[in-house]
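Q: Here's a structure for you.
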Amino acid sequence: MKKVLAILIALLVGAAAAAGGIFYFHMKAQPKVDAKSLMERLEESSELTVEKNFYTGIVRFEEGTIRFIDKNGFNMKYEAEIDAGFELENVNIEVNDDSVVVTVPEAKILSVSIDPDSLEFYDNQVSLIKTDRKEATKQALQAAQKDAEEHATGKGILDAANKRAEVIFKGILEGGVGDREIIVNVVGADNAGSADADAAPAEGEAAADTAAQEGEEAAEAE
């Protein structure tokens, strides 16, 4: 009986040692990584545009109150590209023995680009007191950016971007974390989802410069 017991104990000890050896080998096989090095991999992308939306819209510009005296206006048709994705400044990475946890702020509109070559002006209303056409075009472009952003948001561009977060971040980090599981958590934020009201000012300036002359010519043709 004692001999059988001794054999059983020996087998258990051997099994435990083997299991420990496998676990130790697994731990040794994991590459050394830290949050800083993984963030550097993400920062190579700076910001991650994961969804695009293209939209054709019309906005109306008007100023003044008295028709034929100081009331001016026009309709402007435009084409826009709306980009949504993630800014990396608020991303947090936690590296554990068996996992990498990436906490990502909710997707937002990164940019709204108006194609200046797409602008068309019509239904021009002119008065004795003429408006500054370049300034009017700038205001119309700002309204177009807001209109395009609201359209894309209403169509679910941000929800689509949030759903792709796991695939995007895993795709960037895989290959550098060993066998660790990559867990991506998208957290909401009260102010997430909207680009700055003054987004892409330089682009607006350029579009206004190229469109102002066209707007004046369209107004004179009315």
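If you read the sequence shown in our numbering, its first letter stands for residue 206, the second for the next number, and so on.
From the three backbone atoms N, C-alpha and C, an ideal C-beta is built for every residue, glycine too.
No experiment lies behind these values; they were computed from the predicted model shown.
Check whether the stretch 381-392 touches the stretch 250-265, counting contact only when three or more Cβ pairs, one atom from each stretch, lie closer than 8 Å.
A: With the cut-off at 8 Å, the stretch 381-392 and the stretch 250-265 do not touch.
Q: Of the choices 305, 247, 291 and 272, whose alpha-carbon is the least far from that of residue 236?
A: Out of 305, 247, 291 and 272, 305 has the C-alpha closest to the C-alpha of residue 236.
Q: Can you give the beta carbon distance from residue 314 to residue 365, rounded, assuming they're within the 8 Å contact cut?
A: At roughly 12 Å, the Cβ-Cβ gap does not stay under 8 Å, so residue 314 and residue 365 are not in contact.
Q: Can the beta-carbon of residue 318 be found less than 8 Å from the beta-carbon of residue 283?
A: No.
Q: Can you tell me whether residue 311 is buried or exposed? The criterion is at least 16 other CB atoms within 10 Å of its CB, across all chains shown.
A: Result: buried.
Q: When the distance is taken between beta carbons, is residue 378 closer than 8 Å to residue 265?
A: Result no, Cβ atoms of residue 265 and residue 378 do not sit closer than 8 Å.
Q: Starting from the C-beta of residue 279, find all residues in its chain whose C-beta is less than 8 Å away, skip the five residues before and the five after it, and write them out in chain order.
A: Once the five neighbours on either side are set aside, the close Cβ partners of residue 279 are 265, 266, 326, 327, 328, 329, 330, 341, 345, 420, 423 and 424.
Q: So, are the CB atoms of residue 238 and residue 309 less than 8 Å apart?
A: Cβ atoms of residue 238 and residue 309: not closer than 8 Å.
Q: Just the C-alpha distance for residue 288 and residue 335, rounded to the nearest angstrom, thanks.
A: Roughly 36 Å between the two C-alpha positions.
Q: My assumption, with CB atoms under 8 Å, is that residue 362 sits in contact with residue 256. Please give the rounded CB distance.
A: Yes, they are in contact, since the Cβ atoms of residue 362 and residue 256 sit about 5 Å apart, within 8 Å.
Q: With H, G and I counted as helix, E and B as strand and the rest as coil, what does DSSP make of residue 385?
A: Coil at residue 385, not helix or strand.
Q: Using the beta-carbon count (16 or more within 10 Å), is residue 290 buried or exposed?
A: It is buried - the Cβ of residue 290 has at least 16 other Cβ atoms within 10 Å.
Q: Output needed for residue 382: all residues of its chain with C-beta closer than 7 Å, excluding positions within five of it in sequence on either side, in chain order.
A: Counting only Cβ-Cβ distances below 7 Å, and skipping sequence neighbours, we find 238 and 305.
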